[in-house]
Structure formats: structure tokens, C-alpha cells
Amino acid sequence: MGCLEAMKPEIILSQASFKEAREYIKKNVREHYEVEPGYKIFDVHIIGVPPLYIGVEGDDLIFPYTKPCHGTFLVKVPGGEEIARLRARK
Amino acid sequence: MTENDEKTALLLLGCPQVPVQTSMALYLLHGLSQRGIRPVVAGTTAARKLMEVADPGRHYLGEMTDIDGMIDDITGNVRDFDLCFVFIHNDSGIAYAGTMSYISKAQVYALIFGEHAEELASEIEFPCEVVAAKAVHNPMPLKRRLEEVMQWAVSKQ
């Protein structure tokens with residue numbers, strides 16, 4: 001996975017479904033944005049069925065990362081410039 | 001989508017944990033080629049290695065690429081396909097099929113197999129043709145359904 005794995009993300013949910021990740025962000029992360037399937041963040045695509053959300057918590061991003069063999073992981077990493085890109089979307 | 005009017009199909013292979021996936025993918029490659037549709041495989045490393053080992057002479061396999069690279073190409077409008085067959089036996093497979101349904105102009109076929117095929121099929125809530133069979137080791141139930149699908153795929157061209 002390269003970049004994201006190198007960031008050593010905090011794992012909030014492990015081997016979950018993309019729907020569980022969606023519900024977690026919607027219920028627990030006040031600032032969240034809907035993105036389209038395939039939206040690229042760092043070096044990974046957001047995979048799933050709409051609606052898909054990415055959350056912002058302080059300087060961190062919370063988003064689902066789907067692996068074909070291991071399900072969806074909800075990860076938390078420092079957002080950097082990705083937060084501004086997300087907030088700038090309309 | 002089409003190159004020189006040649007119809008193209010993408011086979012999206014996820015985790016190869018369920019035995020029928022590789023043989024059904026090779027069978028589908030053969031069927032599509034026989035019908036004049038050029039297939040391209042995108043899959044995980046393990047799924048691609050299983051395909052390469054099963055077809056060392058490349059009788060059925062043509063172009064094969066990484067699954068994430070293919071999503072990059074489709075979301076970036078670099079390429080697209082007429083048909084897309086997504087092999088599904090877990091929640092991740094559903095997620096990838098939903099993504100393909102959104103990002104690609106291809107007619108998407110969700111090929112659902114494995115122990116929980118019916119449950120997974122009931123979770124499909126996006127535009128696609130659902131083809132489900134409870135097949136784990138014995139490929140025949142899925143093979144029969146695939147034959148029907150290939151007829152649809154060709155007749156809709």
C-alpha cells in the first residue's frame with residue numbers, strides 16, 4: 001500500500017464492512033464529507049457503495065480503507081494537505 | 001472503451017480464497033474470447049499469480065494488471081470497458097462492484113459465489129446484473145449461470 005501504511009495509521013475498526021465504516025463516521029465524527037467511490041486520498045481509493053464518508057477530527061482524517069482479502073479498515077492518520085482538499089470540495 | 005471497435009471486458013478478481021474463482025475466471029476468459037470480446041484481468045497479486053500458474057502458455061490470459069492501478073485508470077478516464085465482471089465472495093467484493101458501477105460506463109455483472117452467496121446477493125443495492133450461485137469447491141453451479149450471462153452479454157452488444 002506504500003504511503004498510507006508508512007504513516008502507521010491508527011486502526012479504529014478492523015476487518016469491518018464498508019457499511020459499518022460508513023455508519024461509524026456518520027455517527028461519531030462531527031465534521032465529515034461525502035465522497036464518490038474511487039476518490040483518491042494519499043495513495044488509496046475509497047471503495048464502496050455511496051454514500052461514502054471521510055471524517056476530519058482535528059488534524060487527522062478518518063476514512064475507510066478496503067482490502068480485497070481482509071475487509072474494510074477504518075483508519076485515522078494525520079491529514080496534512082488532504083484536509084484542505086477535502087474541505088474545498090463542493 | 002472500445003479499441004478499433006473491438007468489444008472489451010474487465011474481469012475484476014479479488015481475494016482468491018474461494019477455490020472456484022480461478023477456474024471460473026479462466027472459463028470466462030475463454031468464453032469471452034470465443035465471442036470476440038477482448039478480456040482484461042485486474043486482480044490482487046495472489047489472484048494474478050494463480051491465473052498465471054494455471055495458464056502458463058497464456059492460452060486464455062491476455063492483459064493482466066493490478067486492481068488498484070486499474071481503478072486509477074478508470075477514475076482518471078484513461079480507459080474503460082464495455083463489460084465488467086466482478087468476482088465476489090465477501091463484503092470487499094461488494095464494495096469493489098459498487099465502485100465499478102459508479103466509476104465505469106461498463107455493464108457490470110456481479111458474479112457472487114462462496115458459502116454466503118445468497119446473503120451477499122441480497123446486499124446489492126446498485127445497478128448491475130447479479131449472478132449468484134452457492135459454489136465453493138464445485139464450479140458447476142456457477143458455470144451454468146456464467147453460460148447464461150455470456151449469452152446476455154453477447155446479445156446486448
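Chains as they are written, first to last, in the working numbering: chain A, 1 to 90; chain B, 1 to 157.
Here a beta-carbon is modelled for each residue, glycine too, at the ideal position from N, C-alpha and C.
Predicted model, so just to flag it, every value in this text is computed and none were measured.
Would you be able to state if there are at least three C-beta pairs under 8 Å between the region 66 to 86 of chain B and the region 11 to 25 of chain A? The region 11 to 25 of chain A is not in contact with the region 66 to 86 of chain B.
query: Quick one: is B:Thr45 buried, meaning 16 or more other Cβ sit within 10 Å of its Cβ, or exposed?
result: With fewer than 16 Cβ atoms within 10 Å of its Cβ, B:Thr45 is classed as exposed.
**Prompt:** Can you round the beta-carbon distance between B:Ala110 and B:Val130 to whole angstroms, since I take them to be within the 8 Å contact cut?
**Reply:** 5 Å
Self-check item: Buried versus exposed call for A:Cys3 [16 or more other C-beta atoms within 10 Å across all chains shown]
Solution: Under this definition A:Cys3 is an exposed residue.
(message) With the cut-off set at 8 Å, would you say A:Pro68 and B:Ser92 are in Cβ contact?
(response) yes
Rounded separation between A:Val44 and B:Leu28 - CA only:
Answer to the nearest angstrom: the Cα atoms are 29 Å apart.
**Item:** Cutoff 8 Å: B:Arg77 Cβ touching any chain A Cβ
**Value:** This sequence places Asn at residue 77 of chain B; Arg is not what is there. Using a Cβ-Cβ cut-off of 8 Å, B:Asn77 does not count as an interface residue toward chain A, since no Cβ of chain A sits closer than that to its own.
| query | Mind pulling the chain A residues with CB within less than 7 Å of B:Gly98? | reply | Pro37, Gly48 and Val49
Using a Cβ-Cβ cut-off of 8 Å, state whether B:Thr45 counts as contacting chain A. Chain A, which has no Cβ nearer than 8 Å to the Cβ of B:Thr45, makes this no.
Open item on the list: Please report the distance separating the alpha-carbon of B:Ala40 from that of B:Val136.
Closed with: With the sequence shown as reference, residue 40 of chain B is identified as Val, and Ala is not the correct amino acid for it. Each residue's Cα considered, the two are about 24 Å apart.
**Message:** Rounding to the nearest angstrom, what Cα-Cα distance links A:Pro64 and B:Val20 in this structure?
**Reply:** 28 Å
- Query: How is B:Phe20 classed by DSSP in three states: helix, strand or coil?
  - Reply: According to the sequence displayed, residue 20 of chain B carries Val and not Phe. B:Val20 falls in the helix class under three-state DSSP.
Is there a Cβ of chain A sitting closer than 8 Å to that of B:Gly14, yes or no? Yes, contact with chain A.
- Query: Expressed to the nearest angstrom, what Euclidean distance is found between the alpha-carbon atoms of A:Met1 and B:Leu12?
  - Reply: Any answer about A:Met1 is weak, because its pLDDT of 40 lies below 50 and its placement is not dependable; what the coordinates show is given next. Cα to Cα, the separation comes out at about 18 Å.
Exercise. Which of the three DSSP states, helix, strand or coil, is assigned to A:Ile25?
Worked result: Per DSSP, reduced to three states, the secondary structure at A:Ile25 is helical.
query = So what's A:Tyr39 in DSSP terms, helix, strand or just coil?
reply = Assignment of A:Tyr39 by DSSP, reduced to helix, strand and coil, places it in the coil class.
For my contact list, A:Val75 and A:Ile25 are in at a C-beta cut-off of 8 Å; report their separation, rounded to the angstrom. Not a contact, Cβ separation roughly 11 Å.
Query - Cutoff 8 Å; reference B:Ala54; Cβ partners in own chain excluding five residues on either side - result: Thr22, Ser23 and Leu26
Taking any Cβ of chain A, which residues in the region 121 to 148 of chain B have a Cβ under 8 Å from it, in chain order? Contact annotation: in the region 121 to 148 of chain B, residues whose CB is within less than 8 Å of a CB in chain A are Glu125 and Phe126.
* **Close beta carbons around B:His50, own chain, < 6 Å, minus the five adjacent residues each side** => In the sequence on display, residue 50 of chain B carries Leu and not His. Taken in chain order, the residues that qualify are Pro16 and Thr22.
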